[in-house]
Amino acid sequence: MISSPSLELVRGGFERRVSSYEQGAALQRSVAWRLAHHCCSLPLLEGPCADLGSGTGLLSRAIAQQRPELDLLRLDACPALLSQEGAAALAMAATPPASLIWDLNQGLPPELQQASLLASSFALHWLNHPVEQMEHWCQELRPDGWLALALPTAGSFPQWRQAAARAGVACTALPLPEASALVAAAEQHLDLHRAERLRFSQHAESGLSFLRRMRDLGAGASPSPPLRPGEWRRLEAHWPSQPGLGGGGKLLRWEMLLLLGRKPPP
Ligand SMILES: C[S@@+](CC[C@H](N)C(=O)[O-])C[C@H]1O[C@@H](n2cnc3c(N)ncnc32)[C@H](O)[C@@H]1O
Numbered sequence: 201m202i203s204s205p206s207l208e209l210v211r212g213g214f215e216r217r218v219s220s221y222e223q224g225a226a227l228q229r230s231v232a233w234r235l236a237h238h239c240c241s242l243p244l245l246e247g248p249c250a251d252l253g254s255g256t257g258l259l260s261r262a263i264a265q266q267r268p269e270l271d272l273l274r275l276d277a278c279p280a281l282l283s284q285e286g287a288a289a290l291a292m293a294a295t296p297p298a299s300l301i302w303d304l305n306q307g308l309p310p311e312l313q314q315a316s317l318l319a320s321s322f323a324l325h326w327l328n329h330p331v332e333q334m335e336h337w338c339q340e341l342r343p344d345g346w347l348a349l350a351l352p353t354a355g356s357f358p359q360w361r362q363a364a365a366r367a368g369v370a371c372t373a374l375p376l377p378e379a380s381a382l383v384a385a386a387e388q389h390l391d392l393h394r395a396e397r398l399r400f401s402q403h404a405e406s407g408l409s410f411l412r413r414m415r416d417l418g419a420g421a422s423p424s425p426p427l428r429p430g431e432w433r434r435l436e437a438h439w440p441s442q443p444g445l446g447g448g449g450k451l452l453r454w455e456m457l458l459l460l461g462r463k464p465p466p
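Residue numbers for the sequence shown follow the working numbering, so the first one is 201 and each next one is one higher.
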């Protein structure tokens with residue numbers, strides 16, 4: 201079982217960085233756009249559609265831009281992130297999108313029974329039991345309903361784990377679910393149309409600047425206690441340099457799983 205930080209810790213992290221989240225969320229934005237593109241032409245039947253763990257709405261906005269008739273309910277445990285999007289809409293004299301403050305560790309709300317589309321990006325891995333929650337999402341879909349999902353998985357951050365092991369300090373990265381476990385569980389419930397493992401690399405001048413970027417997104421919560429200053433220095437000293445990047449360039453690799461599947465008729 202993967203241990204996760206408490207909801208208070210997760211919510212507090214995102215709340216503190218609410219105004220700067222989107223500025224730093226380049227990877228989240230591009231993944232949201234890619235997932236939304238796959239949702240563009242799905243044959244959706246009647247039923248609720250939602251963005252689970254919607255945050256400031258990067259995914260639901262990307263879907264609305266590519267498929268304007270589709271209005272997704274935004275669900276998130278963090279009211280500050282949800283209201284960010286509502287405030288932006290009001291500033292443009294537009295109707296704020298429908299949203300619901302909801303803890304996804306409790307399953308889905310009754311409003312989403314027989315859902316036609318459940319979409320989620322960069323959120324499932326924050327839940328206590330990601331595989332079980334994903335299976336619950338599949339069960340709540342209507343026949344011919346769709347799950348569109350993207351999240352970082354356990355193959356992420358090999359450089360961080362290597363540096364921590366060599367430095368003899370804890371790797372404080374959020375524990376991430378195995379892509380193979382998610383795919384195997386999704387196959388029990390859905391006809392999978394896509395199960396892509398994508399790799400993204402970020403570059404920086406130091407290992408610690410990756411971790412600062414995550415903290416600046418509000419995504420720094422971890423079930424492990426924080427490192428002490430001496431441990432941070434050892435971690436940095438052991439972060440592998442990337443040949444070819446020059447100037448002591450450092451790399452952080454993300455492994456993302458993108459899943460698209462349809463619930464078969466009974
Ligand atoms: C990295 S943000 C991603 C937001 C958005 N989907 C995106 O792609 O930009 C993770 C989101 O998951 C939400 N979240 C984490 N744990 C949650 C929970 N238990 N219930 C509902 N939302 C949760 C956070 O509040 C945050 O908005």
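Where is the CB? At the ideal position from N, CA and C, for every residue including glycine.
Using a 10 Å radius around the Cβ and a threshold of 16 neighbouring Cβ atoms, would you call residue 209 buried or exposed? By the 10 Å Cβ count, residue 209 comes out exposed.
Continuous alpha helix (DSSP H) stretch holding residue 267: start and end: Per DSSP, residue 267 belongs to no alpha helix (DSSP H) and is neither H nor E.
Note down, in chain order, each residue of its chain lying with its Cβ closer than 8 Å to the Cβ of residue 383, except the 5 sequence neighbours on either side. The beta carbon of residue 383 sits closer than 8 Å to those of 392, 395, 457, 459, all from its chain and outside the five residues before and after it, given in chain order.
Nearest-angstrom Cα distance between residue 333 and residue 312? So the alpha carbons of these two residues sit roughly 14 Å apart.
Are the beta-carbon atoms of residue 455 and residue 375 separated by less than 8 Å? The answer is no: Cβ separation not under 8 Å.
Which residue's Cα is closest to the Cα of residue 189: 223, 466, 277, 323? Lying outside 201 to 466, the shown extent of the chain, residue 189 is not represented and no answer is given.
Should the segment 421-440 be called in touch with the segment 336-356, which here means at least 3 C-beta pairs below 8 Å? No contact exists between the segment 421-440 and the segment 336-356.
So does residue 348 have its beta carbon nearer than 7 Å to some heavy atom of ligand 1? If you check the C-beta of residue 348 against ligand 1, you find no heavy atom less than 7 Å away.
On a Cα-Cα basis, can you pick out the residue from 399, 416, 411 that is closest to residue 230? It is 399.
Whole angstroms is fine: what's the gap from residue 295's alpha carbon to residue 270's? Between residue 295 and residue 270, the alpha-carbon positions lie close to 14 Å from each other.
Touching or not, the segment 235-246 and the segment 345-364, by the rule of three or more beta carbon pairs under 8 Å? Under the 8 Å Cβ criterion, the segment 235-246 counts as touching the segment 345-364, having at least three qualifying pairs.
Quick check on DSSP: helix, strand or coil for residue 271? In the three-state reduction of the DSSP assignment, residue 271 falls in the coil class, being assigned neither a helical nor a strand state.
Where residue 321 and residue 419 are concerned, what is the direct C-alpha to C-alpha distance, given to the nearest angstrom? Taking the straight line from one Cα to the other gives about 14 Å.
Counting only runs that start and end within the segment 208-272, where is the alpha helix (DSSP H) found for 4 or more residues in a row? Within the segment 208-272, the complete alpha helix (DSSP H) runs of at least 4 residues are 221-224, 226-239, 258-266.
Identify every residue that forms a DSSP beta bridge with residue 402. Partner residues in the beta bridge of residue 402, as assigned by DSSP, are 452.
Would you mind giving the Cβ-Cβ distance between residue 275 and residue 250, rounded to the nearest angstrom? I have them listed as a contact below 8 Å. Sure, about 6 Å apart at Cβ, within 8 Å.
Can you tell me the Cα-Cα spacing of residue 412 and residue 378, whole angstroms? Going from the Cα of residue 412 to the Cα of residue 378 covers about 25 Å.
Say the cut is 7 Å; is the CB of residue 326 nearer than that to a heavy atom of ligand 1? Within the chosen limit of 7 Å, ligand 1 reaches the beta carbon of residue 326 through at least one heavy atom.
DSSP-derived helix/strand/coil call for residue 146: A query on residue 146 cannot be resolved here, the shown segment of the chain reaching from 201 to 466 and no further.
Whose CA, out of 215, 279, 236, lies closest to the CA of residue 265? Ranking 215, 279, 236 by Cα distance to residue 265 puts 236 first.
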